[in-house]
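Residue numbers (the numbering used here), protein chains in the order written: chain A, 3 to 48; chain B, -16 to 540.
Cβ coordinates follow ideal geometry from the N, Cα and C atoms, glycine included.
Just so it is clear, the structure is predicted and the values come from calculations on it, not from any experiment.
Okay, structure first, notes after.
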Amino acid sequence: MVVRAFQVTGGVLILWLAFFFLGRILVHIPAQIDPSELAGRVFSNP
Amino acid sequence: MKTVRNSHHSKHKGKGAVELLEESVGLVRRASAVDLCCYALGTLPFVFYLLFFFAQRTGAAGIADLVPQSLALSLLFLWMKYWQSVYARRLLAGLRNVRPESVFPAGPAVVQATLQPWCFLVLPVALLLTIPFGWCYAFFQNVTVLGAEGTVGTVFRRSYRQAVLFPAQNLLVITIVLVLFLVVFVNLCATAVLLPMLLKKLLGVETAFSRSRSFYFLFNTSFLAFLAALTYLCVDPFVKAAYVLRCYYGECVETGADLLTEVRVLRRTPGKTVAALLAGVSLLAAVAALPAEASSGAVGASARSIPSRSAEGRELDRAIVEVMKRQEFSWPSLREARQGKNHRIPGFLDPLFTTLKDWAHQVGRWIGRVFDWLADHLLRKSRNTKPSVGWDGSAWTVPVLMYGLLAILLSVCGVMLWRRINKRRQGAVPAPPAAAVPEPDIRDEAVTPGELSGDRWHRLAGELLASGEMRLAIRALYFASIAHLAEAGLLSMDRAKSDRDYERELARRAHSRPSLLSAFSGNVSLFQRVWYGMHPVDSDLVDTFTANYLRMTPHER
């Protein structure tokens, strides 16, 4: 029983960390991509 | 019988991937409403909450709500996996022709909670390494299918065993599913574009999508995530069914479960039982007769034991025995040949593998020839040279050459290492302080916010306020707010952008923070009145502007 509880807790912890870091990554994705801005970034000279 | 256990071909390749996917479509179509409800009950809450999570987190800052949200998402993921396991188990029960058992929450839930989270660690690494991805993906799908078949250890072992079975079929299934996913996604995108247009044209119904200029909504990341989630909901039930079939056929190869299924079918249909018994008796008779015909020795013996009526009869028996000895009449090879014709889909990769193997052998032969040539050349050379004192030439030339090469290699490595250490030491020396950037003339119209950092604009605004230059101070403070927002990743500065462009960009990127938006919009209108208009700058205006500026800065940091 203890082993099962430990396994389940470990699994939930891994999932929690995975989704937490997913949330941190999603912050860097804009809610709306501006096509002209995107084109400007792609085609502009450095 | 669908599966032939003694066939090597079947054991190594299994069914064709296309055939398997077709069967999976049939399986899902035959599934009852309860089965599909089980799937939806688990998957829909997770997918909807994931979309909410996506919409909340994109472009957001801070982790205030992230901790509880990610915990809720984790629990919903386990909920989804549990119900997907129930769905897969019900499909598997249908294949085995048994009634699905009642749901016992503890067993499958513990197995799923223990094994499934590892997919977030294992699958990205496997994808990075590319080759093991197929096996790892199949393993986690098998865990979903076989989740209710025992303890964690049992499910792990069985899932692993099924994952390594039929690797070519598995890879083909993954490839086809990937293509299918892309096709469905593109179809849904096309529907999202066309449906509002049709509604507008045919019924005159105006929607937010038809009002959007040049399909701007297609570049909304939340909308794209919604389409991806919808695609997943369309494709995944079939993927689960495909892995249910893979597990079932793997089980058939190992245990002959398909025979049990056939027996259960017969037991449930009493009308057919008599026919089946007759068929069984005739089959047994045929099997009993087959060895006598197939094995030459036995046939010879039986032929001798039976008193022959004439010399022609004995001649005929001998001719039959000779013909039956031939390879093409050996029944396993017959079956293999027949199956080879039926399994065309895995077979089409065979020429590719054969060609690759031939190329590898050819390259190996070339390398071997080069080594042979080197050895011959060196040995011949050493044989031609006069032997040194006490040593035979062939004995020392090659080792000396090898040691020489090794010494050169080590020296090159040493030099590279030394240069690297030297470079690092040079890098560690603190660089001289950069020359101070001269402050731009704030009166100049061509000055942009990107010319100084946010803190330096802020300091300049303070200096201008102290010297009584209110109008210039407002401009410096406005530039400071833009620079700070750009440093926080909420704006991207560009010389060509107007104030309204910045305002619109902020509305897109920080839509979840209305206070920040209102503060920035208020400052934009105040700044425009002061800088482009003739609005007098008094202390109240400066206070309002500064208050708005301070409302923005806590968000950025």
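**Q.** B:T41 versus A:P32 - alpha carbon distance
**A.** 6 Å
Q) Any heavy atom of the ligand FMN closer than 8 Å to the Cβ of B:R407? A) By its list of ligands, the structure shown contains no ligand whatsoever, and the ligand FMN lies outside what it can speak to.
Q) So, is the C-beta of B:V50 closer than 9 Å to a C-beta in chain A? A) yes
Q.
Checking the sheet assignment: what are the DSSP bridge partners for B:N203?
A. A:Q34
Q) Got a sec: which bits of the segment 481 to 514 of chain B sit with their beta carbon under 7 Å from any beta carbon on chain A, in order along the chain? A) R491, R492 and H494
(Q) So B:S57 and A:V14 are supposed to be a Cβ contact under 8 Å. How far apart are they, rounded? (A) 6 Å
Q) CA-CA distance, B:C230 and B:W62? A) 23 Å
Q: State the Cα-Cα distance for the pair B:A493 and B:L500, rounded to the nearest angstrom.
A: 7 Å
Q) Expressed to the nearest angstrom, what Euclidean distance is found between the alpha-carbon atoms of B:F122 and B:A225? A) 13 Å
Q) Given that B:N203 touches chain A, what residues does it touch there, using C-beta distances under 9 Å? A) A33, Q34 and I35
Q | Among A:G25, A:F8, A:M3 and A:I35, nearest to B:D623 - alpha-carbon criterion | A | Missing from the structure shown is residue 623 of chain B; chain B here goes from -16 to 540 and no further.
Q: With DSSP collapsed to three states, give me the class of B:I465.
A: helix
Q.
Distance cutoff 9 Å, beta carbons only. Does B:T97 sit that close to anything in chain A?
A. yes
(Q) Give me, in chain order, the residues of the same chain whose beta-carbon lies closer than 7 Å to that of B:R287; leave out the 5 immediate sequence neighbours on both sides. (A) With a pLDDT of 48 at B:R287, under the threshold of 50, the modelled position of this residue cannot be trusted, and the question is left open.
Q. Closest by CA to B:V17, which one among B:P83, B:M180 and B:E6?
A. B:P83
Q. Beta-carbon separation of B:L216 and B:T26 under 9 Å?
A. yes
Q.
Counting beta carbon pairs with one atom in the segment 451 to 461 of chain B and one in the segment 483 to 498 of chain B, are three or more of them shorter than 8 Å?
A. no
Q | Amino acids of chain A, ordered along the chain, whose beta-carbon sits closer than 8 Å to that of B:S68 | A | Near B:S68 there are no residues of chain A at all, since even the closest Cβ is about 14 Å away, more than 8 Å.
Q | 8 Å contact criterion, which B:E428 and B:L443 should meet: CB distance rounded | A | The Cβ separation is near 17 Å, so there is no contact.
**Q.** A:V4: contacting residues in chain B (beta-carbon distance under 7 Å)
**A.** What A:V4 touches in chain B: nothing, since even the nearest Cβ is about 13 Å away.
Q. DSSP on B:N80, reduced to helix/strand/coil?
A. coil
(Q) Distance check for B:Q511 and B:E189, CA to CA, integer angstroms please. (A) 35 Å
Q. Secondary structure at B:Y515, three-state DSSP: helix, strand or coil?
A. coil
Q. Does the Cβ-Cβ distance between B:F221 and B:V81 come in under 9 Å?
A. no
Q.
Quick check: B:L3 and B:Q99, are their CB atoms within less than 9 Å of each other?
A. no
Q. Which residues, in order along the segment 100 to 127 of chain B, keep a beta-carbon less than 8 Å from a beta-carbon of chain A?
A. P100, W101, F103 and L104
Q.
Using 8 Å for Cβ pairs, my map puts B:V50 next to A:F22. What's the rounded Cβ distance?
A. 7 Å
Q: Ignore the nearest five residues each way along the sequence and tell me which others in B:L74's own chain have a CB closer than 7 Å to its CB.
A: L10, A14, D18, A224 and V227
Q) Apart from the five residues on each side of it in sequence, which residues of its chain come closer than 6 Å, Cβ to Cβ, to B:V430? A) P423
Q) So what's B:E298 in DSSP terms, helix, strand or just coil? A) helix
Q: Show which residues of chain A have a CB atom less than 9 Å away from the CB atom of B:L74.
A: Simply none; closest approach about 24 Å.
(Q) Does the segment 163 to 182 of chain B come into contact with the segment 5 to 12 of chain A, if we say contact requires no fewer than three beta-carbon pairs (one atom in each stretch) closer than 8 Å? (A) no
Q: Provide the residue span of the alpha helix (DSSP H) that contains B:M180, from first to last.
A: P150 to L181
Q. Looking at C-alpha atoms only, which residue of B:A479, B:I457 and B:A466 is the closest neighbour of B:Y515?
A. B:I457
Q: May I ask you to report which of helix, strand or coil DSSP gives A:G57?
A: As displayed, chain A neither begins before 3 nor continues past 48, which places residue 57 of chain A out of reach and without an answer.
Q) Is B:E486 helix, strand or coil when you go by DSSP? A) helix
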